Amino acid sequence: MADLPLMITLMTVLIYLLPSCIKSSEIILPKSLNLTLLTDPSAISAASHDFGNITTVIPGGVICPSSPAEISRLLSYASNGERKFQVAARGQGHSLKGQAAVLNGVIVNMTCLAGVVISDDMKYADVAGGTLWVDVLKNTAEKGVSPVSWTDYLHVSIGGTLSNAGIGGEVFRNGPQISNVLELDVITGKGEMLACSPQLNSELFYGVLGGLGQFGIITRARIVLNHAPKRAKWFRMLYSDFTAFTKDQERLISMADDAGVDYLEGQLFMSNGVVDTSFFPESNQSKIADLVKSHGIIYVLEVAKFYDDPTLPIIGQVVDMLTRTLSYLPGFISMHDVAYFDFLNRVKAEEDKLRSLGLWEVPHPWLNLYVPKSQILDFHNGVVKDILLKQNSTSGLTLLWDNRMSAMVTDEEDVVYIIGILQSATPQNVPEVESLNDSIIRVCKDSGIKIKQYLMHYTRKEDWVEHFGTKWSDFSKRKDLFDPKKLLSPGQDIF
Ligand code: FAD
Numbered sequence: 001m002a003d004l005p006l007m008i009t010l011m012t013v014l015i016y017l018l019p020s021c022i023k024s025s026e027i028i029l030p031k032s033l034n035l036t037l038l039t040d041p042s043a044i045s046a047a048s049h050d051f052g053n054i055t056t057v058i059p060g061g062v063i064c065p066s067s068p069a070e071i072s073r074l075l076s077y078a079s080n081g082e083r084k085f086q087v088a089a090r091g092q093g094h095s096l097k098g099q100a101a102v103l104n105g106v107i108v109n110m111t112c113l114a115g116v117v118i119s120d121d122m123k124y125a126d127v128a129g130g131t132l133w134v135d136v137l138k139n140t141a142e143k144g145v146s147p148v149s150w151t152d153y154l155h156v157s158i159g160g161t162l163s164n165a166g167i168g169g170e171v172f173r174n175g176p177q178i179s180n181v182l183e184l185d186v187i188t189g190k191g192e193m194l195a196c197s198p199q200l201n202s203e204l205f206y207g208v209l210g211g212l213g214q215f216g217i218i219t220r221a222r223i224v225l226n227h228a229p230k231r232a233k234w235f236r237m238l239y240s241d242f243t244a245f246t247k248d249q250e251r252l253i254s255m256a257d258d259a260g261v262d263y264l265e266g267q268l269f270m271s272n273g274v275v276d277t278s279f280f281p282e283s284n285q286s287k288i289a290d291l292v293k294s295h296g297i298i299y300v301l302e303v304a305k306f307y308d309d310p311t312l313p314i315i316g317q318v319v320d321m322l323t324r325t326l327s328y329l330p331g332f333i334s335m336h337d338v339a340y341f342d343f344l345n346r347v348k349a350e351e352d353k354l355r356s357l358g359l360w361e362v363p364h365p366w367l368n369l370y371v372p373k374s375q376i377l378d379f380h381n382g383v384v385k386d387i388l389l390k391q392n393s394t395s396g397l398t399l400l401w402d403n404r405m406s407a408m409v410t411d412e413e414d415v416v417y418i419i420g421i422l423q424s425a426t427p428q429n430v431p432e433v434e435s436l437n438d439s440i441i442r443v444c445k446d447s448g449i450k451i452k453q454y455l456m457h458y459t460r461k462e463d464w465v466e467h468f469g470t471k472w473s474d475f476s477k478r479k480d481l482f483d484p485k486k487l488l489s490p491g492q493d494i495f
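When you line the sequence shown up against full-length UniProt numbering, it's residues 1 to 495, in that order.
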């Protein structure tokens, strides 16, 4: 997903008030479990909402585990005999529509289990499930190593992104975050504590990765590390022609490591949306605004090359390749040279800005779609031009996939674009934006564009069956195997 603020449609600022009095239903845990269940209004209120700010789902209580064994005790008790209550792990609650929520059940606040241990050979880190990716970066980078695949926003938890996929601009090179995990510790819906990997309990391992929290709670993930570069050369280039834009994206992702870039995304400036030109020199900013006005849409290709030593010839060669061979509008390229940490953590500054304007805690009826490369032009014409040009902006990035995991991407094509239509709304116009999202999905279906959703929320079983397609049968078998009482992450609304 591309930078958040450029995707945000500014609307009238309304402060979204949380209900002042939230009452939860009572859950009584036996003393023998030795667990503290928080039921005070602030704990309940915090666990009732998520980043989407669209749903309110009130849990019966929250636990802040001090060890995985506490989660195991909770789940063993809940699954013993009659189902007593359901349980949802919650990382940062950056879900969009209650996926980390549980009505009248128990929220496991995973942020209570955080920490990073780097192996002696620095080839991997064992990371507790509630750790934020930004803290993994801080801990590893100070020793000169780093994970290799990132989400755009780092203030999300290990368990949360591994339950989805974890995608960002490095995906075309290194795969999503779920492809860079060596082993996991998981507590199943039956309360069993199991280690798993491609060799050990592999059904659980592949099920949990991209498994939407359905098969177990991740308490530890062993994450692949590589050398941490010191700096990033970060470019944005403008295109007025969509075909030239996608052709250059696809050429860049096909290049070998050394000769190519390390990060690639894209975004759109649309004449009916917010056009943030601040990345470009002041002398170009009004020209860019004019370009957007005259073309309706300007496509922004965003790439980065990571490096340690500016004197290495390869850096000059890559810069040279970008400036000589890409078909962006002459003169409309801008480069920033930033620390690797600041590049990866770039969305945090935007979060701080939006928070200060009261624009962070608003409803987010976001829509994220995978679109196969062969149909990206149809998508552009049918959705971007015919629908979104009247509404807001989108972004594209490409990715690679390992099909054994639960996560579902559209069909078998090698190159897939992920489009983030990241709208902010007011409490009043959420239905309007959601109906726009529905119409985008309908147009894709009607015109045969084989999309899949990411971070989706379906409420009908048939939509889930269609979403998982050939993987549905394995997905439901794994549920019977690892969480037969269907206790886990009920907010996903699958079972
Ligand atoms: P939560 O919302 O707390 O949980 C998500 C789901 O995972 C729930 O079903 C929950 O029950 C389950 N879960 C949580 N922890 C565990 C665990 N330890 N074990 C098992 N299940 C668990 N995603 C991307 O891929 N790429 C991006 O670039 C990206 N950018 C984003 C930018 C912003 C501003 C935001 C708000 C989100 C972005 N996301 C992105 C989406 C994000 O990755 C998901 O929302 C993710 O779920 C957030 O993690 P979380 O810790 O908040 O998870």
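Just so it is clear, CB atoms sit at the ideal spot from N, CA and C, and this is done for glycine as well.
Model, not experiment: these values are computed from the prediction.
Using DSSP with H/G/I as helix, E/B as strand and the rest coil, what is residue i?
i	result
Trp464	helix
Ser447	coil
Leu400	Note on Leu400: pLDDT 45, under 50, position unreliable in the model; no value is reported.
Asn226	strand
Gly159	helix
His336	strand
Trp133	helix
Asp185	strand
Thr323	helix
Glu282	helix
Val275	coil
Val127	strand
Gly382	helix
Glu265	strand
Leu312	coil
Pro372	strand
Leu6	Because the pLDDT at Leu6 is just 32, under 50, the model does not fix this residue reliably, and the point stays unresolved.
Ala221	strand
Lys485	coil
Glu302	strand
Ser146	strand
Ala195	strand
Tyr328	coil
residue 505	No answer is possible for residue 505: it lies beyond the span of the chain, which begins at 1 and ends at 495.
Within its chain, find whatever has a CB closer than 6 Å to the CB of residue i; leave out the 5 residues flanking it on each side and keep chain order.
i	result
Tyr153	Val347
Ala232	Ala304, Phe306, Val338, Tyr340, Phe343
Cys112	Cys64, Pro65
Ser76	Gly191
Leu14	No answer about Leu14 holds up, because its pLDDT of 29 lies below 50 and its placement is not dependable.
Pro30	none
Leu103	Val57
Hey, how far is the Cα of residue i from the Cα of residue j?
i	j	result
Ser395	Ala289	Residue placement at Ser395 cannot be trusted, given a pLDDT of 40 that sits under 50; what the coordinates show is reported in the next sentence. In a straight line, the C-alpha of Ser395 is about 19 Å away from that of Ala289.
Phe51	Pro313	44 Å
Ala78	Ser67	18 Å
Ser294	Ile387	18 Å
Ser119	Ala125	6 Å
Gln249	Thr243	10 Å
Ala271	Leu291	For the record, residue 271 in the displayed sequence is Ser; it is not Ala. Roughly 9 Å between the two C-alpha positions.
Ile158	His467	24 Å
Asn34	Val106	15 Å
Val433	Ile440	11 Å
Asn437	Leu367	7 Å
Lys287	Phe332	10 Å
Trp472	Glu462	11 Å
residue 507	Gly207	Absent from the structure is residue 507, since the part of the chain shown begins at 1 and ends at 495.
Pro365	Thr311	46 Å
Ile297	Ser334	19 Å
Short of 7 Å in beta carbon distance, which residues of its chain neighbour residue i, apart from the five on each side in sequence? Order them along the chain.
i	result
Gln285	Thr277
Ala228	Thr140, Ala141, Gly144, Val145, Ser146, Tyr340
Tyr328	Met237, Leu238, Tyr239, Leu301
Ala128	Leu113, Ala114, Gly115, Thr219, Arg220
Leu194	Val186, Thr188, Asn201, Leu204
Val148	Glu170, Asn174, Asn180, Val224, Asn226
Could you round the C-beta distance between residue i and residue j to whole angstroms and report it? I think they count as a contact, below 8 Å.
i	j	result
Asp185	Thr219	5 Å
Glu26	Gly60	7 Å
Leu132	Leu209	Incorrect: roughly 19 Å between the Cβ atoms, too far for contact.
Leu455	Leu96	6 Å
Val156	Gly91	7 Å
Glu203	Arg478	7 Å
Tyr370	Ile421	With 8 Å as the limit, Tyr370 and Ile421 do not qualify as a contact, their Cβ atoms being about 13 Å apart.
Leu488	Gly213	6 Å
Note down, in chain order, each residue of its chain lying with its Cβ closer than 8 Å to the Cβ of residue i, except the 5 sequence neighbours on either side.
i	result
Thr36	Ile63, Cys64
Does residue i have its Cβ less than 8 Å from a Cβ in chain D?
i	result
Ile107	You won't find chain D in this structure, because it holds only one protein chain.
*asked:* Please give the ranges of any beta strand (DSSP E) in the stretch 223–262, keeping only runs that are unbroken, at least 3 residues long and fully inside the region.
replied: 231–239
*Which ranges would you report for the beta strand (DSSP E) in the stretch 43–121 if only whole runs of at least 3 residues count?*
61–63, 87–90, 106–109, 116–118
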